[in-house]
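First up is the structure itself, then whatever we jot down about it.
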Amino acid sequence: MQLSEVFWNARLGDLKRGYIEEPAYFMCLLCGKSIEKGIVYQDNGVFFEAERYMLQHIENTHQSVFDYMIDLDKKLTGLTDHQNRLLRLFYEGKSDTEVQKEMGIGSASTIRNHRFVLKEKERQAKLFLTMMELLKERDNHAPAFIDYHKTARMVDDRYNVTEEENEKILNKFFPEGITGPLKSFPPKEKQRLIVLGALSRRFVDDQIYEEKEINQLLKEAYHDYVLLRRYLIEYGFLDRKADGSQYWLKK
């Protein structure tokens, strides 16, 4: 199961703390790093047991779960730019008066009203989540949709793909299997999304690829490796340095 699937299927409590617990290890939901149980880890001269070291990892690498999630695309969070900025300031511990001065809007009472609106959004989200959980127990006809990756730049109707459709698309464009060559580059957006997702699995987490390496790896999949490279970046699967000298799998 890919990291994005684990992330979207995680329970609310696990998402809040940023990691899940498996029998032999803890796994960071934000980047996929695994911390093996039964080992003592050292960080700056301080020793930690596995779970405490996972908390240390999240703090060192991601600052906090909140910081990681607030930076996700607004189509994933459902927040407007205005709400995003408000939440950041609230999280920093700013008072209503301080937030009002920093944002330059209305008065302290205006900020309190924004807090009320956010609280209403929270209540609605809780009710909606509860209803969806209850629906899952009764709706035997709901199709299984693919999960979109957390680093997606454009979340729209292109992700309206069921697991059955996903399998058909992969079989069509990778007749020798997803580790084999790409038959042709898809003309439709939904097909491109599925194909690019499959290609992204050929990259290793936390590995930095030089431009020649990335080109060679993609050339093994398709003759127009420049096209693949461009779309993998455009769709948020890969990231790179501004000069294009190094590439890595985006998380």
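Numbering (full-length UniProt numbering), first residue to last: 1 to 251. We treat Cβ as the ideally placed atom computed from N, Cα and C, and that holds for glycine.
Whole-Å CB distance - residue i paired with residue j, under 8 Å assumed
i           : j       : result
Leu-218     : Arg-201 : Incorrect: roughly 13 Å between the Cβ atoms, too far for contact.
Leu-232     : Leu-199 : 7 Å
Asn-215     : Tyr-225 : 5 Å
His-62      : Leu-86  : Incorrect: roughly 21 Å between the Cβ atoms, too far for contact.
Val-161     : Lys-183 : Wrong, their Cβ atoms sit about 19 Å apart, outside the cutoff.
residue 254 : Ile-105 : The structure shown does not extend to residue 254, since the chain is modelled only from 1 to 251, so the question has no answer here.
Asn-84      : Lys-74  : 7 Å
Glu-49      : Val-40  : 6 Å
heavy atom of the ligand ATP below 7 Å from residue i C-beta
i      : result
Asp-73 : The model on display carries no ligand, and the ligand ATP is accordingly not part of it.
Residue i burial status per 10 Å Cβ neighbour count (16 or more: buried)
i       : result
Phe-237 : buried
Ala-125 : exposed
Gly-197 : buried
Leu-134 : exposed
Met-54  : buried
Tyr-19  : buried
Ile-169 : buried
Ile-58  : buried
Gln-42  : exposed
Tyr-235 : buried
Leu-127 : exposed
Phe-26  : buried
Tyr-91  : exposed
Asp-243 : exposed
Ile-111 : buried
Ser-245 : exposed
Leu-107 : The amino acid at residue 107 is misidentified as Leu; the sequence shows Ser. So Ser-107 ends up on the exposed side.
Lys-250 : buried
Leu-29  : buried
Ser-4   : buried
Val-117 : exposed
Leu-99  : The sequence given here places Val at residue 99; Leu does not occur at that position. So Val-99 counts as buried.
Val-195 : buried
DSSP state of residue i mapped onto helix, strand, coil
i       : result
Ser-109 : helix
Gln-42  : strand
Cys-70  : First, the amino acid is wrong: residue 70 is Ile here, not Cys. Helix at Ile-70.
Tyr-231 : helix
Arg-11  : coil
Ser-4   : helix
Thr-80  : coil
Glu-164 : helix
Phe-128 : helix
Phe-48  : strand
Leu-29  : coil
Tyr-225 : helix
Gln-63  : coil
Glu-137 : helix
Asp-243 : coil
Glu-98  : helix
Glu-120 : helix
Do the stretch 79-90 and the stretch 28-42 make contact, defined as three or more Cβ pairs closer than 8 Å?
Touching, no, given that fewer than three Cβ pairs across the two stretches are closer than 8 Å.
If we count Cβ pairs, one from each stretch, closer than 8 Å, do we get three or more for the stretch 64-73 versus the stretch 36-49?
Between the stretch 64-73 and the stretch 36-49, the count of Cβ pairs shorter than 8 Å is below three; the stretches do not touch.
Curious, which full-length alpha helix (DSSP H) runs of at least 4 residues does the stretch 179-216 contain?
Taking only runs of at least 4 residues, the alpha helix (DSSP H) segments lying wholly in the stretch 179-216 are 189-200.
Cβ contact (3+ pairs, closer than 8 Å) linking the stretch 205-219 and the stretch 171-178:
No: fewer than three Cβ pairs fall under 8 Å.
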